[in-house]
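First comes the structure, then the notes that go with it.
Protein chains: 2
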Amino acid sequence: MKTYNNPAKNTWAAITQRPAKEANTLGATVKAVFEDIKENGDQALKNYTEKFDGVILSDLKVSQQEIDNAIPLVSQELKDAIVLAKNNVEKFHAFQKIEKKVISTVNGVDCWQEMKPIEKVGLYIPGGSAPLFSTILMLGVPAKIAGATKIVLCTPPSKDGTINPAILFAAQLVGVTEIYKLGGIQAIAAMTYGTESVPSVYKIFGPGNQFVTAAKQYALTQGLAIDMPAGPSEVMVVADKDADASFVVADLLSQAEHGADSQVILVTESQKLIDEVQIELEKQLAELPRQEVARLAIENSSAILIDSIDAQNELINEYAPEHLILNVLNEDVYLDKIVNAGSVFIGPLTPESAGDYASGTNHTLPTNGYARMYSGVNLDAFTKKITYQKITAEGIQNIGPAIELMAAAEGLDAHKNAVTLRLNSLKK
Amino acid sequence: MKTYNNPAKNTWAAITQRPAKEANTLGATVKAVFEDIKENGDQALKNYTEKFDGVILSDLKVSQQEIDNAIPLVSQELKDAIVLAKNNVEKFHAFQKIEKKVISTVNGVDCWQEMKPIEKVGLYIPGGSAPLFSTILMLGVPAKIAGATKIVLCTPPSKDGTINPAILFAAQLVGVTEIYKLGGIQAIAAMTYGTESVPSVYKIFGPGNQFVTAAKQYALTQGLAIDMPAGPSEVMVVADKDADASFVVADLLSQAEHGADSQVILVTESQKLIDEVQIELEKQLAELPRQEVARLAIENSSAILIDSIDAQNELINEYAPEHLILNVLNEDVYLDKIVNAGSVFIGPLTPESAGDYASGTNHTLPTNGYARMYSGVNLDAFTKKITYQKITAEGIQNIGPAIELMAAAEGLDAHKNAVTLRLNSLKK
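Just so you know, the protein sequences line up as chains P and E, in that order. So the mapping is simple: the numbering used here equals the position in the first sequence, first residue as 1, plus 6. So the mapping is simple: the numbering used here equals the position in the second sequence, first residue as 1, plus 6.
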């Protein structure tokens with residue numbers, strides 16, 4: 007871990023430079039797969055699944071029987087943990103509903119917004135060594151609360167054609183309406199166009215490798231929406247002199263174990279803490295199963311000594327971390343100043359992993375500086391707001407003349423006429 | 007205007023087909039302009055402005071002197087109209103602020119969201135025959151309410167190097183922080199990368215021609231956000247048998263006059279109304295300055311007789327109109343069923359032009375069926391929500407064991423360890 011002592015502001019960008027993202031060169035591959043699936047539907051999906059996942063499937067859809075058979079394979083204690091997490095995620099996201107509130111901007115002009123569901127959504131859950139059932143909670147629960155009528159889940163099958171039982175348990179728990187054994191580009195293409203088996207959706211959510219990311223970008227060009235641009239995960243830990251170095255290191259490593267391109271940054275006023283962290287880092291790394299990956303990430307990462315809290319806040323906002331841990335006793339000197347962050351974890355007993363799994367907040371968050379302009383996934387991401395207005399005779403008399411003038415000045419006479427006719431009807 | 011009598015559902019998509027969007031073939035042009043501006047800054051901007059706008063500028067930025075000189079050129083009555091509209095837009099968008107509300111998902115686990123501004127935003131206002139000052143209100147007012155510190159406006163200069171006075175009046179009224187004489191691809195590129203004169207921003211808003219649209223798409227690939235995908239404007243008017251045909255026609259033409267690719271659709275249970283509308287259409291068209299454009303749009307458009315209100319609602323949701331006018335006496339049979347629409351105008355005295363200018367709702371809305379998954383521009387569009395959590399000893403004891411189990415099951419040991427260390431510290 008590189009260390010810096012009160013670096014000059016004009017060096018911050020270089021110090022906190024995120025690992026370079028490879029240019030996306032998968033465009034042609036993605037386009038070819040999408041076009042094949044658009045034209046050949048299920049047969050193309052089965053061909054790609056055979057080719058890339060090494061499985062010959064007769065049915066792409068997971069049957070109720072398969073789900074019923076899988077659920078007893080999940081231990082009761084893991085089920086209880088998932089249910090606890092689901093309940094908290096549900097509470098926090100249900101709490102984000104907005105009530106219809108009407109405002110009369112002038113007498114006779116009532117305006118309001120209402121939250122409505124995105125009716126059909128697609129969730130992508132990667133395969134690989136570990137089953138990411140937690141992401142199913144983070145995406146499926148708000149989809150359900152929003153009121154989606156179709157919640158489609160795609161996840162690649164194992165070599166034996168099955169899906170991990172914990173994935174199936176979480177999916178049925180949150181109310182996923184259908185599950186398909188599909189991974190990679192073909193999963194995203196199937197949900198974009200729809201096939202004989204797989205329905206098309208309006209918006210696609212979820213993490214994935216470079217192929218999935220490129221496929222989601224392509225889906226955007228085909229008229230779908232996606233959750234947000236993807237990038238490697240990152241955490242910034244701000245710690246005061248009283249912070250426990252072992253907590254700090256465990257939090258840094260929680261991020262570092264995600265991948266070699268993860269970035270972790272420690273910001274502190276305490277040189278002593280930095281020294282302790284360096285020692286503790288070696289200790290914890292040595293015991294970590296994913297230490298090889300974590301070591302690569304740590305090489306890209308920095309511990310930055312900054313004496314001034316104001317300067318620390320400036321650095322936080324400039325970096326715009328996906329996860330920000332404030333391992334400090336006095337968070338108030340930070341909270342009001344923070345404008346750019348995905349999710350903020352406050353105090354020594356609030357590890358990032360709480361939000362990753364079970365506190366209730368969402369773990370799908372803006373990376374790569376996108377916290378400057380994107381929210382993490384929340385209820386908003388599964389809804390849109392429709393605006394409404396209802397105008398009375400008094401209302402149109404109050405605002406009509408202004409509309410006529412403005413429309414005329416913009417050269418839009420039909421716009422003006424729509425008001426004039428109504429005002430005239432009221433003069434009769 | 008084509009007419010249809012209770013068409014079968016499987017023909018709806020064809021009947022309401024939006025005018026085909028030309029494939030974007032401007033990619034190479036856009037990329038070249040962006041790269042030139044990234045490398046050559048202001049000088050490249052001036053070259054493009056000379057080439058495309060026919061103006062040689064010494065300063066790209068509009069000076070305070072220019073603004074002061076222009077304001078007296080706007081008539082007092084137009085100023086008053088703009089101020090009235092601005093006040094209403096301000097009321098409606100300020101009303102969309104959310105208060106911080108904390109929920110304890112379990113004892114000791116407090117979670118909340120806070121709305122924070124997107125600090126730097128760029129607004130693009132097209133040039134051309136009519137000055138679209140109303141769009142400045144729609145974008146500048148929520149930017150200001152959100153708390154943006156930089157609100158950059160780009161708009162192309164006239165041949166004499168000036169900007170329309172009504173544009174300058176609206177810009178200073180809403181609190182735009184700086185105005186540049188830039189149009190087209192070069193404006194979007196300048197706000198993407200920043201130059202010696204023009205600051206870079208995080209998110210770009212505003213309408214534009216195919217060049218601007220392609221440039222905004224390219225800005226997306228360069229790490230910026232944009233308001234939403236662009237498409238031609240559209241309105242669906244649902245009218246009952248009591249609707250005044252002249253109001254219906256004026257509303258249809260308000261949309262049709264925007265462009266030949268605008269789409270307008272009438273849905274009604276009344277054949278009599280359709281007949282009256284056809285006659286009235288000719289009458290109003292004959293008097294419309296932009297009748298040539300409006301006629302082309304009307305050719306692409308339909309009047310659809312549908313007897314059943316349920317079927318009407320299905321069609322509305324399938325089409326997902328940008329603007330939906332419910333020119334009916336009993337709106338209740340529609341409102342609860344509508345899931346997909348941008349902005350809804352309720353009752354005979356609520357023309358779309360009210361929302362275009364002065365009622366307070368926003369006129370930047372999702373076109374092309376994007377109302378299925380996008381909101382129109384609102385306060386959310388200029389903000390993001392940060393999530394926060396603070397966990398006590400009791401809290402981590404309540405959720406810690408579940409996190410340990412889930413993290414272990416996902417193979418993420420450092421995530422587990424971040425909790426284990428904290429739980430252990432509490433046992434001491």
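For glycine and all other residues, C-beta sits at the position ideal for the given N, C-alpha and C. No experiment lies behind these values; they were computed from the predicted model shown.
If we count the other Cβ atoms within 10 Å of its Cβ and call it buried at 16 or more, is residue i buried or exposed?
i, result
"residue 107/P", "exposed"
"residue 248/E", "exposed"
"residue 69/E", "exposed"
"residue 82/P", "exposed"
"residue 78/P", "exposed"
"residue 60/E", "exposed"
"residue 64/E", "exposed"
"residue 20/P", "exposed"
"residue 134/P", "exposed"
"residue 366/E", "buried"
"residue 103/P", "exposed"
"residue 187/P", "buried"
"residue 384/P", "buried"
"residue 368/E", "buried"
"residue 31/E", "exposed"
"residue 382/P", "buried"
"residue 298/E", "exposed"
"residue 171/E", "buried"
"residue 285/P", "exposed"
"residue 293/P", "exposed"
"residue 371/E", "buried"
Between the options, which lies nearest to residue i when the distance is taken from Cα to Cα?
i, options, result
"residue 165/P", "224/P, 291/P, 151/P and 57/P", "57/P"
"residue 149/P", "95/P, 137/P and 172/P", "95/P"
"residue 348/E", "122/P, 343/P and 223/P", "122/P"
"residue 201/P", "273/P, 32/P, 361/P and 47/P", "47/P"
"residue 430/P", "410/P, 418/P and 351/P", "410/P"
"residue 153/E", "345/P, 403/P, 23/P and 405/P", "345/P"
"residue 220/E", "316/E, 136/E, 402/E and 193/E", "193/E"
"residue 189/E", "115/E, 52/E and 174/E", "52/E"
"residue 3/E", "304/E, 273/E and 371/E", "Nothing can be reported for residue 3/E: it is not among the residues displayed for chain E, which extend from 7 to 434."
"residue 241/P", "71/P, 351/P and 378/P", "351/P"
"residue 363/P", "72/E, 353/E, 402/E and 151/E", "402/E"
"residue 335/E", "396/P, 40/P and 361/P", "396/P"
"residue 37/P", "113/P, 167/P, 127/P and 222/P", "222/P"
Using the beta-carbon of each residue, which ones in chain E are nearer than 7 Å to residue i?
i, result
"residue 98/P", "109, 111 and 117"
"residue 427/P", "252, 253 and 256"
"residue 83/P", "411"
"residue 295/P", "419"
"residue 394/P", "350 and 352"
"residue 140/P", "412 and 416"
Starting from the beta carbon of residue i, find every residue of chain E whose beta carbon is closer than 9 Å, and list them in chain order.
i, result
"residue 397/P", "351, 352, 353, 355, 356, 357, 360 and 365"
What is the C-beta distance between residue i and residue j, in whole angstroms, given that I count them as a contact (C-beta under 8 Å)?
i, j, result
"residue 386/E", "residue 386/P", "7 Å"
"residue 254/P", "residue 323/P", "No, residue 254/P and residue 323/P are not in contact; Cβ-Cβ is about 21 Å, not under 8 Å."
"residue 236/E", "residue 213/E", "7 Å"
"residue 181/P", "residue 142/P", "Contact flag wrong, Cβ pair sits at about 10 Å."
"residue 208/P", "residue 231/P", "7 Å"
"residue 49/E", "residue 393/E", "Between residue 393/E and residue 49/E the Cβ distance is about 44 Å, and since that is not below 8 Å, they are no contact."
"residue 16/E", "residue 313/E", "About 18 Å separates the two Cβ atoms, so there is no contact after all."
Listing by chain order, which chain E residues have their CB less than 8 Å from the CB of residue i?
i, result
"residue 47/P", "Those within 8 Å of residue 47/P in chain E number zero; the least Cβ separation is about 19 Å."
"residue 208/P", "378 and 379"
"residue 345/P", "122, 123 and 125"
"residue 263/P", "418, 419, 420 and 421"
Show which residues of chain P have a CB atom less than 7 Å away from the CB atom of residue i.
i, result
"residue 421/E", "260, 359 and 362"
Name the chain P residues that come within less than 8 Å of residue i, Cβ to Cβ?
i, result
"residue 189/E", "Per Cβ cutoff of 8 Å: no residues; residue 189/E is ~17 Å from chain P at best."
"residue 269/E", "Here the premise fails: no neighbours, minimum Cβ distance about 15 Å."
"residue 137/E", "415 and 416"
**Request:** Run through the region 79-137 of chain E for me and flag every whole beta strand (DSSP E) of 3 or more residues, listed as ranges in chain order.
**Result:** Taken in chain order, the unbroken stretches of beta strand (DSSP E) that lie wholly in the region 79-137 of chain E and span 3 residues or more are 109-112, 115-123 and 126-130.
**Message:** In chain order, what are the residue ranges of uninterrupted beta strand (DSSP E) at least 3 long that sit wholly in the region 237-268 of chain P?
**Reply:** Counting only runs of 3 or more, we get 240-245.
**Item:** Uninterrupted beta strand (DSSP E) stretches inside the region 302-373 of chain P (no shorter than 3 residues)
**Value:** Restricted to the region 302-373 of chain P, the beta strand (DSSP E) segments that are unbroken, complete and at least 3 residues in length are 308-311, 329-333 and 349-352, listed in chain order.
**Item:** Runs of alpha helix (DSSP H) lying entirely within the region 7-53 of chain E, each at least 4 residues, in chain order
**Value:** 18-21
**Prompt:** Fully enclosed by the region 138-178 of chain P, which beta strand (DSSP E) runs are 3 residues long or longer?
**Reply:** With a minimum length of 3 residues, the continuous beta strand (DSSP E) runs that stay inside the region 138-178 of chain P are 156-161.
**Item:** Length at least 3, wholly inside the region 185-217 of chain E: the beta strand (DSSP E) runs in chain order
**Value:** 209-211
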